[in-house]
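Structure first, then comments.
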Amino acid sequence: MASNYIRFDWAMKRLLRNKANFGVLEGFLTTLLNENIVIQKLLESESNQEEEFDKYNRVDILAENSKGELILIEVQNNNEYAYFQRMLFGTSKLVTEYINRGEGYEKVRKVYSVNIVYFSLGNGKDVVYHGKTEFRGIHQGDILELTPFQKQTFKVDAVSQLYPEYYILKVNDFNQIAKSPLEEWIYYLNTGDIPDNATAPGLTEARERLKLDRMTKDELNAYYRHLDNIVILRDNIYTERAEGRMEGRMEGRIEGRMEGQAEGRLEEKKASASKMKSLNIPFDTISQVTGLTIEEIKEL
-12 MASNYIRFDW AMKRLLRNKA NFGVLEGFLT TLLNENIVIQ KLLESESNQE EEFDKYNRVD
48 ILAENSKGEL ILIEVQNNNE YAYFQRMLFG TSKLVTEYIN RGEGYEKVRK VYSVNIVYFS
108 LGNGKDVVYH GKTEFRGIHQ GDILELTPFQ KQTFKVDAVS QLYPEYYILK VNDFNQIAKS
168 PLEEWIYYLN TGDIPDNATA PGLTEARERL KLDRMTKDEL NAYYRHLDNI VILRDNIYTE
228 RAEGRMEGRM EGRIEGRMEG QAEGRLEEKK ASASKMKSLN IPFDTISQVT GLTIEEIKEL
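Residue numbers (this note's numbering): -12 to 287.
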């Protein structure tokens, strides 16, 4: 049955950038980060400008919360083998973009990188992953901690809270009944549908604001074209993978035949050289006839 709600990536492009709809994003981030998130404003960054290649493949939003922290939410539809590096590049750009030249390092902004990926990223069994930076002693195994002065100055409890944090939601891998607020969100991100009994923060607002029947005819046409392009994009990925596997098998069979033929010819040369060697024919003559090196002939 078709969903009654708009896909999250399309909503990020067209609807969630409206301040009146911040409640949806705030609810999602509150559920994911496990702390109350209030979005102060959306920002424009070199890291989140849309390019033609990313028209259907990718969409993101850069938000600033009430604590002055930066939150980059990115949806990626297409497989990208260097996506981990892309995440690093995005957070690094934000760190340098949002500090003025001459300001002290204490002005570096906290960055959260939230990545919703619709492809198989890496090799793991979970659907949600969290990455942060810690410094662990190589001899004692202890975690390097902040001094009391640093804790008071930076208003954090751990070194990791000063560094960018990464969240990866592999939503395509979720295939079970939602049993927690975060799983309710992942279910929506995966299917585009919101369970009737869902109570996660933000999903109530999503029910009200992300309904298909709230869209105009032109908006619906554009939205369905977007869905068609997503399907085509994924079909292209599957086709490329299938063709790659087929080409690999064909190349393997061809290479196997060629290697087998080459090995057969080599064995023939060695047999001829061995026979000539038993007749005391000079090695340089045998080499000229068979193409084997003198060292190879001596080893026979």
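All residues carry an ideal CB built from backbone N, CA and C; glycine is no exception.
What residues match up with Asp47 in a beta bridge as DSSP calls it? Translated into the one-based positions of the sequence shown, residue 47 becomes position 60. Glu61.
Cα-Cα separation, Ile281 to Ile273: Counting from 1 along the sequence shown, the entry for residue 281 is found at position 294. Counting from 1 along the sequence shown, the entry for residue 273 is found at position 286. When rounded, the distance between both Cα atoms is 8 angstroms.
Please state whether DSSP places Glu251 in a helix, a strand or coil. For this step, residue 251 is matched to residue 264 along the sequence shown. This sequence places Gly at residue 251; Glu is not what is there. In the structure shown, Gly251 sits in a helix (DSSP, three-state: H, G or I).
Between the CA atoms of Ile181 and Tyr211 - distance to the nearest angstrom: The residue you call residue 211 lines up with position 224 of the sequence shown. The residue you call residue 181 lines up with position 194 of the sequence shown. Roughly 19 angstroms separates the two Cα atoms.
Please list, in chain order, all residues of the same chain as Glu39 whose beta carbon is under 8 angstroms from its beta carbon, the five residues on each side excluded. In the sequence shown, residue 39 corresponds to position 52, counting from 1. Reliability of the predicted coordinates at Glu39 is poor, the pLDDT of 43 falling under 50, and no value is obtained from them.
Provide the residue(s) that pair with Gly118 in DSSP beta bridges, ordered along the chain. The residue you call residue 118 lines up with position 131 of the sequence shown. The partner list for Gly118 (beta bridge, DSSP) reads Tyr153.
Closer than 7 angstroms by C-beta to Lys28: which residues in its own chain qualify, once you throw out the five before and the five after it? Chain order, please. Mapped onto the sequence shown, residue 28 falls at position 41. Excluding residues within five positions, the ones whose Cβ falls inside 7 angstroms are Glu51.
As assigned by DSSP and simplified to three states, the class of Arg123: Counting from one through the sequence shown, the residue named residue 123 turns up at place 136. If DSSP states are grouped into helix, strand and coil, Arg123 belongs with the strands.
From the DSSP output, read off the bridge partner residues of Leu30. The residue labelled residue 30 in the question sits at position 43 within the sequence shown. Looking at the DSSP assignment, Leu30 forms a beta bridge with Leu49.
Just to check my reading of the structure: Lys198 and Tyr70 have Cβ atoms closer than 8 angstroms, yes? What is that Cβ distance to the nearest angstrom? Mapped onto the sequence shown, residue 198 falls at position 211. Mapped onto the sequence shown, residue 70 falls at position 83. The Cβ separation is near 32 angstroms, so there is no contact.
Using DSSP with H/G/I as helix, E/B as strand and the rest coil, what is Val25? Along the sequence shown, one-based indexing puts residue 25 at 38. Coil at Val25, not helix or strand.
Give me, in chain order, the residues of the same chain whose beta-carbon lies closer than 6 angstroms to that of Ile155; leave out the 5 immediate sequence neighbours on both sides. The sequence position of residue 155 within the sequence shown is 168, counting from 1. Closer than 6 angstroms at Cβ, skipping near neighbours: Asn102 and Tyr116.
CA-to-CA distance, Thr203 to Met(-12), given in whole angstroms: Mapped onto the sequence shown, residue -12 falls at position 1. Mapped onto the sequence shown, residue 203 falls at position 216. Because Met(-12) sits at a pLDDT of 42, beneath the cut-off of 50, its placement in the model cannot be relied upon, and the point is left open.
May I ask you to report which of helix, strand or coil DSSP gives Val101? As a position in the sequence shown, residue 101 is number 114, starting the count at 1. In this structure, Val101 counts as strand in the three-state DSSP scheme.
Are Phe106 and Asn162 close, meaning C-beta to C-beta below 9 angstroms? Start at 1 with the first residue of the sequence shown, and residue 106 comes out as number 119. Start at 1 with the first residue of the sequence shown, and residue 162 comes out as number 175. No, the pair does not count as a contact, with Cβ atoms beyond the cut-off.
Just to confirm before moving on: does the CB-CB distance between Lys97 and Glu132 stay below 9 angstroms? One-based indexing of the sequence shown puts residue 97 at position 110. One-based indexing of the sequence shown puts residue 132 at position 145. Not closer than 9 angstroms, so no.
Which complete beta strand (DSSP E) runs does the segment 144 to 214 hold, if anything under 3 residues is left out? 152 to 157
Nearest to Thr17 by CA position, among Leu190, Asp205 and Ser79, is which residue? As a first step, residue 17 must be located in the sequence shown, where it is residue number 30. Checking every option, the nearest Cα to that of Thr17 belongs to Leu190.
Own chain residues within Cβ distance below 7 angstroms of Tyr150, not counting five before or after: Here residue 150 refers to the residue found at position 163 of the sequence shown. Taken in chain order, the residues that qualify are Lys119 and Thr120.
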